[in-house]
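Inspection log for the structure reproduced underneath, given as C-alpha cells.
Here it is as C-alpha cells:
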C-alpha cells in the first residue's frame with residue numbers, strides 16, 4: 128500500500144470503516160472520538176507512515192479573520208446597537224463581521240450557521256430566532272461546538288444550552304417600569320406583549336406579572352395581547368383595549384415601536400397621554416426622547432452587549448487552557464419621561 | 128531553465144521585469160495589461176512550456192458564495208431596507224452577505240474592501256462613505272475593478288466613477304414635497320439639510336432650491352441648516368429657526384428622523400403642526416405613519432434598490448460577454464399625511 132503513493136486519511140478511513148473526518152479528528156485527539164478508537168487510529172497511522180499534508184493543512188487552518196453574527200433582524204435599533212458594539216471592539220482588531228439576518232426562521236439560522244462554518248469563521252455570535260425556540264431545535268448549535276468554534280449568545284440565549292452568553296436583565300427593567308406606573312396611580316395596566324416563547328418577551332412579561340402580584344393588583348387576561356415588536360402590530364390590539372368595558376389606564380408596550388403605535392391610537396381616540404392612559408415602552412431608542420409626549424422607557428445596553436461579547440471572544444483566543452463558559456447579565460434602567468408623568472389621583 | 132523544474136509565473140515575471148500579477152493578468156488576457164505586453168508574455172510562456180498550476184488555480188478560483196456589502200451604517204431604516212432587498216434575492220441563491228459599516232470613514236471603507244477582496248468575495252455592493260466623497264478618493268475602487276470583481280453602487284454612488292449603480296431619484300422627491308408645501312400656502316420653507324457633498328443630501332437640496340426658484344420664492348440662506356440625519360441633530364437648528372425675526376412656516380427635514388426632531392421642538396414652543404409650522408420628512412420609515420401628527424414624507428424604494436442591485440449582479444454572472452455598465456434610477460413618491468395638511472391661507 129505505501130510503496131506506490133503516500134498514505135492518505137481516506138486510506139485509513141477505509142481500513143477502519145469510518146469517515147475521513149473521524150480519522151482527522153482522531154489524529155487531532157478530538158474529544159468527540161472515543162478514546163480507544165483514537166488510540167487505534169493513531170497507532171495504525173504511525174505504523175503505515177501517514178504524513179500530514181502540511182500544504183492543505185495550512186490552508187485549512189488559515190486564520191480567516193472572519194466572524195459570524197446571526198441575528199433575527201438588523202432593522203431594529205436594539206440589534207443595530209449590539210452590532211455597533213461588536214464592530215467597535217472587533218473592527219480595530221482587523222476582523223470582518225459576517226452579518227446574517229434570520230428573519231426569525233430556524234431554517235435560515237441553520238443554513239447560515241452551516242455556511243459560516245464552511246467559510247471557517249473564528250467565532251459565531253448568535254441571537255436565537257423565534258422558530259428555533261418554538262421548535263426546540265439545537266442540532267445546529269451542537270455542530271458549532273463539535274467544530275470547536277466558539278459560540279456566544281448575544282441578547283437572546285437558548286436556555287439550557289451550554290455556551291457563553293451576554294444578555295440583559297429585562298425582568299427587573301419590566302418590573303421597574305410597571306412599578307413606576309403603579310406609583311403614578313395606574314391600576315389597570317395593559318401589556319402589549321412580544322411573541323411567545325422568546326426570552327426577551329417572557330422576561331418582560333414575568334416582570335409585569337410579578338410586579339402586579341406584589342402590589343396586589345388583579346391580573347386581567349383581557350389586558351394582555353401579543354404583538355410582533357413592529358409599530359403597526361400595536362394598532363388593532365390598542366383599539367381593542369380602548370373598547371373594553373373597563374379599559375386600561377396604562378399600556379406597557381414590549382418595545383418603543385409598539386408603545387409609539389399605542390400612543391397614536393390613544394390620541395386618535397381623543398384621550399390624553401399620560402392623564403387618561405399612560406404609555407411606556409422598552410429599548411430607549413433615539414426617537415423615544417422626541418415623540419410627543421416623550422416616551423417613558425427602559426434602556427437596554429445594546430452596545431455593551433456587543434462589547435462584552437467581543438471581550439469574551441478575545442479572552443477565548445488568549446486563554447491558555449480551554450475557556451470557561453461565562454454568562455454575563457447586564458442591567459436595564461428605567462427612563463422616566465412625559466408619557467407616564469401624570470398627576471397623582473387619590474384612591475377613592 | 129526548464130530542464131530542472133517547471134516554469135513558474137515568477138520566472139516569466141523576472142524575464143519581463145514586471146510583477147507576477149502582471150504576468151498572471153497577461154496570461155488571462157486581462158484588459159488592464161497593454162495588448163502588446165499581453166501578446167509578448169503569452170508567446171514567451173508558450174515557448175518555454177509554462178503550465179498553469181491547476182491545484183492552486185482551483186483554490187484561487189473557488190466559488191466562495193460570499194458577497195461584500197459596504198454601507199455607511201446599518202442602524203437606519205433606509206440602509207436596513209436595502210440590505211433586506213439584497214437578502215431577499217441572494218440568500219435563496221445560497222450567498223452569504225458580509226456586511227461592513229464604515230461609519231462614514233474612508234479609511235474603514237478602504238480597509239473593509241481590501242479584506243473583502245482578500246476573502247475573495249464575488250461582488251462588492253457599495254454605498255460610499257461621506258469621507259470618501261469629501262476627500263475625492265477612489266484608488267480603493269480602482270483596486271476592485273483591477274481584481275475583476277464586480278462593483279455595484281447602491282443608493283450612494285461615486286459620481287464620475289464607471290461602475291453599475293442603483294440609486295433613487297431624490298431630486299424629484301424633494302421637488303414634489305416642497306411643491307406640496309407651497310400648494311398648502313407655505314412661503315418661508317426651511318430646509319434641515321443632510322451633510323454636504325453626499326449625493327443624497329445634495330439632490331434633495333437641489334430639488335428644494337429649484338422648486339423655490341420655479342415658484343418665484345426667495346431662497347433665504349438663514350433657513351438652510353445642516354444636520355447629520357440623526358433625530359437629535361435637528362433640535363438646535365430648529366430652535367434657531369424658530370427664533371428668527373421671520374421664522375419659517377414650514378420645515379423640510381432631510382429624513383424622517385430629522386423631521387420628527389423638528390416637530391418636537393415646534394410643539395415644545397407651543398406652536399401647532401401643521402397650522403403654524405408644517406413639517407415634512409423623507410424616507411417613509413414605519414414610524415412616520417404613527418407620529419402625532421403623522422408625517423408627510425417621501426418614500427424611497429430601499430428594498431427595491433437591494434433587489435435591483437442583486438439582479439444586476441446575477442446578470443453579470445450569466446452574461447456571455449462582459450456585462451455592460453448599467454445605471455438604474457428608481458422613482459421616489461410623495462406621501463401626504465397630517466403634518467402638512469393645513470387650511471389654505473389667502474394671500475394678503
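Protein chains in written order, with my numbering: chain A, 128 to 475; chain B, 128 to 475. Glycine included, C-beta positions come from ideal geometry on N, C-alpha and C.
Proximal residues of chain B, C-beta to C-beta of residue i below 9 angstroms
i                      : result
residue 192 of chain A : 242, 245 and 246
residue 358 of chain A : 413, 414, 416 and 417
Chain A contact for residue i (CB, 8 angstroms cutoff)
i                      : result
residue 228 of chain B : yes
residue 352 of chain B : no
residue 378 of chain B : no
residue 202 of chain B : yes
residue 391 of chain B : yes
residue 184 of chain B : In this prediction, residue 184 of chain B scores a pLDDT of 43, lower than 50, which makes its location untrustworthy; no coordinate-derived value is stated.
residue 207 of chain B : yes
residue 396 of chain B : no
residue 260 of chain B : no
C-beta atoms of residue i and residue j nearer than 8 angstroms
i                      : j                      : result
residue 432 of chain B : residue 293 of chain B : yes
residue 212 of chain B : residue 429 of chain B : yes
residue 380 of chain B : residue 408 of chain B : yes
residue 314 of chain A : residue 351 of chain A : no
residue 436 of chain A : residue 405 of chain A : no
residue 240 of chain B : residue 295 of chain B : no
residue 427 of chain A : residue 411 of chain A : yes
residue 281 of chain B : residue 253 of chain B : yes
residue 242 of chain B : residue 192 of chain A : yes
residue 387 of chain B : residue 414 of chain A : yes
residue 434 of chain A : residue 215 of chain A : yes
residue 373 of chain B : residue 422 of chain B : no
residue 317 of chain A : residue 363 of chain A : no
residue 469 of chain B : residue 221 of chain B : no
residue 259 of chain B : residue 233 of chain B : yes
residue 342 of chain B : residue 463 of chain B : no
residue 389 of chain B : residue 365 of chain B : yes
residue 257 of chain B : residue 298 of chain B : no
residue 95 of chain B  : residue 305 of chain B : One cannot answer for residue 95 of chain B here, as it falls past the ends of chain B, which runs 128 to 475.
Amino acids of chain A, ordered along the chain, whose beta-carbon sits closer than 7 angstroms to that of residue i
i                      : result
residue 225 of chain B : 223 and 225
Residue i at chain B interface by Cβ criterion, 8 angstroms
i                      : result
residue 287 of chain A : no
residue 137 of chain A : no
residue 187 of chain A : Interpretation of residue 187 of chain A is limited by its pLDDT of 49, a score under 50 that renders its predicted location unreliable; the figure taken from the coordinates is listed afterwards. Residue 187 of chain A does not count as touching chain B.
Residue i: contacting residues in chain A (beta-carbon distance under 8 angstroms)
i                      : result
residue 388 of chain B : 417
residue 210 of chain B : 201 and 228
Chain-ordered neighbours of residue i on chain B, where CB pairs are closer than 7 angstroms
i                      : result
residue 214 of chain A : 228
Whole-angstrom C-beta distance between residue j and residue i, which should lie under 8 angstroms
i                      : j                      : result
residue 275 of chain B : residue 459 of chain B : Contact doesn't hold; Cβ gap of about 34 angstroms is too wide.
residue 273 of chain A : residue 159 of chain A : 6 angstroms
residue 277 of chain B : residue 440 of chain B : 6 angstroms
residue 326 of chain B : residue 284 of chain B : 6 angstroms
residue 139 of chain A : residue 172 of chain A : 6 angstroms
residue 353 of chain A : residue 375 of chain A : Not really, about 16 angstroms apart at Cβ, beyond 8 angstroms.
residue 175 of chain A : residue 134 of chain A : 5 angstroms
Determine contact between the region 355-368 of chain B and the region 412-422 of chain B, defined as no fewer than three beta-carbon pairs at a distance below 8 angstroms. no
With a cut-off of 8 angstroms, do at least 3 Cβ pairs link the region 205-225 of chain B to the region 224-234 of chain A? yes
Taking one C-beta from the region 288-307 of chain A and one from the region 265-279 of chain A each time, how about it: are there three or more such pairs within less than 8 angstroms? yes
Three-pair Cβ contact test at 8 angstroms for the region 387-399 of chain B versus the region 163-179 of chain B: no
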